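> First the structure, then my questions, so here it is.
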Ligand SMILES: Cc1cc2nc3c(=O)[nH]c(=O)nc-3n(C[C@H](O)[C@H](O)[C@H](O)COP(=O)(O)OP(=O)(O)OC[C@H]3O[C@@H](n4cnc5c(N)ncnc54)[C@H](O)[C@@H]3O)c2cc1C
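Numbering (the UniProt record's numbering), first residue to last: 1 to 426.
Take a look at the structure:
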């Protein structure tokens, strides 16, 4: 077992920091079990890509980085059992030879599978769920050191709760994913008037496998991205010059130093964004480089109210002259049956707001969050939000059932950190 003692831990954006007593990396399930039996407080980290203090602890931090890979393939049902710490970008090497691919993915592939599953990480697509809803089974190491197999037929309640559980029920060791056969996607990006999108998006959303909008607060045109399945020849993504990331960093630095420039910088969008089309295997098309660091808030709004909510958010950003160069992100996610999934029994429009990591994110989030909450939005668990226990309980019909199950599985709260204690126990 590796012990990276006394390391300061920070999340991807650098906003969350903590000083765990030790960071342990077990090499196998037996080592993991003995750590769980021997320690009173444990948090588990995936890739540290959450913006909330989910992982922060001054006790023991556990990383499953040495427990990666695929353990079992089910070719007939197009499923496979994957070690929980496996990074999404590593999956291709296991899935490609057996003609399998994830059904949907988000914007990046840096997350661990367990981290992505535990927070309900999602991409976009009106008929597509978040990644947690494609979990068919998992193994959970509980506070007592026991490993439970969970699926729709074995421990069904823990299965319903455990697919989005923020590491609070125990440690996921293996996850069985429902995949599909490999597929290519055609990515198309173009500018589109915001007004047109607002008028037609409810039709357009059915015309593409995936549709996503990047909306700038001061610019009348947005970036529309669609992905559709295709059998066409590969047309690989080319790096623009200057790269999108270079421009984003430059414009964010300028906005930080000269906030009044923000509207003018956003209006330059039309010069830089040209219509582009790329074709590649899904695992190459879904992720995009995210080298300009930011902090993010995201809420899932009931699908019929998403446009009205977006409009109100845009007005508020302009009214309060909030200086952020980053666009709002607008995506579709289909509802599911997972107790603490933000999409529980609710088809949603996901609206996210970003702030450059060198600017105080609270200024923009304070303006936007009351609006997202007014529309009964449910926050992304991995992205910043200021919701209280009382507010969350009102939004999640299965909140009390989840808390009772958590109490039963982990009565000493071994797996809770101060952040989750406050969030769950009030
Ligand atoms: C640049 C960037 C882009 C992003 N894009 C998207 C996107 O497109 N869509 C989206 O929905 N989200 C997105 N996110 C958010 C991200 O997907 C989630 O926060 C995700 O949880 C991060 O995965 P991780 O492996 O880093 O998990 P971590 O942040 O390390 O952990 C997340 C949670 O999972 C728990 N956990 C980790 N491993 C285990 C385990 N083995 N057993 C039990 N619990 C475990 C942790 O305790 C914690 O509660 C993005 C984040 C960043 C920084």
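All C-beta atoms, glycine included, are put in the ideal place defined by N, C-alpha and C.
Note that this is a predicted model, so its numbers are computed, not measured.
Cutting at 6 Å between CB atoms, please list the residues of its own chain near residue 387, excluding the five before and the five after it.
As a first step, residue 387 is located in the chain shown; it is residue number 387 there, counting from the start. Result list for residue 387: 379, in chain order.
> Rounded to the nearest angstrom, what separates residue 421 and residue 62 at their Cα positions?
To locate residue 421, count along the chain shown from 1; it is residue 421. To locate residue 62, count along the chain shown from 1; it is residue 62. Cα to Cα, residue 421 sits roughly 18 Å from residue 62.
> Roughly how many whole angstroms lie between the Cα atoms of residue 131 and residue 106?
In the chain shown, counting from the first residue as 1, residue 131 sits at position 131. In the chain shown, counting from the first residue as 1, residue 106 sits at position 106. Cα-Cα distance, rounded: 9 Å.
> What are the complete beta strand (DSSP E) segments, minimum 3 residues, inside the segment 278–353?
Entirely contained in the segment 278–353, the beta strand (DSSP E) runs reaching 3 residues are, in chain order, 294–302 and 328–333.
> Between the segment 112–123 and the segment 38–52, are three or more C-beta pairs nearer than 8 Å?
A contact exists between the segment 112–123 and the segment 38–52.
> Who are residue 223's beta bridge partners in DSSP?
For this step, residue 223 is matched to residue 223 along the chain shown. Bridge partners of residue 223: 191 and 214.
> On the DSSP letters alone, give me the boundaries of the alpha helix (DSSP H) that residue 253 sits inside.
Position 253 of the chain shown, counted from the first residue, corresponds to residue 253. It spans 244–257 - the alpha helix (DSSP H) in which residue 253 sits, taken as one unbroken run.
> From the DSSP output, which residues share a beta bridge with residue 140?
Against the chain shown, residue 140 aligns to sequence position 140. Paired residue(s): 148 and 172.
> Tell me the rounded alpha-carbon separation between residue 234 and residue 182.
In the chain shown, counting from the first residue as 1, residue 234 sits at position 234. In the chain shown, counting from the first residue as 1, residue 182 sits at position 182. The straight-line gap from Cα to Cα measures roughly 14 Å.
> Short of 7 Å in beta carbon distance, which residues of its chain neighbour residue 272, apart from the five on each side in sequence? Order them along the chain.
Here the question's residue 272 lines up with position 272 in the chain shown. Around residue 272: 247.
> What is the residue span of the beta strand (DSSP E) that residue 261 lies within?
Counting from 1 along the chain shown, the entry for residue 261 is found at position 261. Segment: none, residue 261 is in no beta strand (DSSP E) and carries neither H nor E.
> Could you tell me whether any non-hydrogen atom of ligand 1 is closer than 7 Å to the CB of residue 85?
Within the chain shown, the letter at position 85 stands for residue 85. Yes, since a heavy atom of ligand 1 falls inside the 7 Å radius drawn around the Cβ of residue 85.
> Below 7 Å, is the gap between the Cβ of residue 290 and the nearest heavy atom of ligand 1?
Sequence index remark: in the chain shown, residue 290 carries index 290 (1-based). Checking every heavy atom of ligand 1 against the Cβ of residue 290, one is found closer than 7 Å.
> Restricting to Cα atoms, I'd like to know which of 110, 414 and 425 is closest to residue 57.
If you number the chain shown from 1, residue 57 lands on position 57. It is 414.
> Have a look at the DSSP bridge pairing and note the partners of residue 229.
Here the question's residue 229 lines up with position 229 in the chain shown. Its beta-bridge partners are 185.
> For a test of the three-state rule: what should DSSP assign to residue 74, helix, strand or coil?
Your numbering for residue 74 matches position 74 in the chain shown. DSSP places residue 74 in strand when its eight states are reduced to three.
> Does ligand 1 have even one heavy atom less than 7 Å from the beta-carbon of residue 81?
For the purposes of this step, residue 81 is identified with residue 81 of the chain shown, where counting begins at 1. No; taking the cut-off as 7 Å, the Cβ of residue 81 has no heavy atom of ligand 1 nearer than that.
> Express the C-alpha separation of residue 381 and residue 198 in angstroms, rounding to a whole number.
Counting from 1 along the chain shown, the entry for residue 198 is found at position 198. Counting from 1 along the chain shown, the entry for residue 381 is found at position 381. Rounded to whole angstroms, residue 198 to residue 381 spans 27 Å at the Cα level.
> Using CA atoms only, rank isn't needed, just tell me which of 349, 334, 296 and 309 is closest to residue 327.
By 1-based counting over the chain shown, the position of residue 327 is 327. When only C-alpha atoms are compared, the closest one is 296.
> Taking the alpha-carbon of residue 84 as reference, which of 225, 67 and 192 has the nearest alpha-carbon?
One-based indexing of the chain shown puts residue 84 at position 84. For residue 84, the nearest C-alpha among the options comes from 67.
> Residues bridged to residue 135 by DSSP?
Numbered from 1 along the chain shown, position 135 holds the residue referred to as residue 135. Residue 135 is bridged to 177.
> Using a Cβ-Cβ cutoff of less than 6 Å, which residues in the same chain neighbour residue 137 once the five nearest sequence positions on both sides are dropped?
Reading the chain shown from its first residue, position 137 is the one you call residue 137. Excluding residues within five positions, the ones whose Cβ falls inside 6 Å are 151 and 176.
> For the beta strand (DSSP E) containing residue 83, name the first residue and the last one.
Position 83 of the chain shown, counted from the start, is the residue given in the question as residue 83. Start and end: 79–83.
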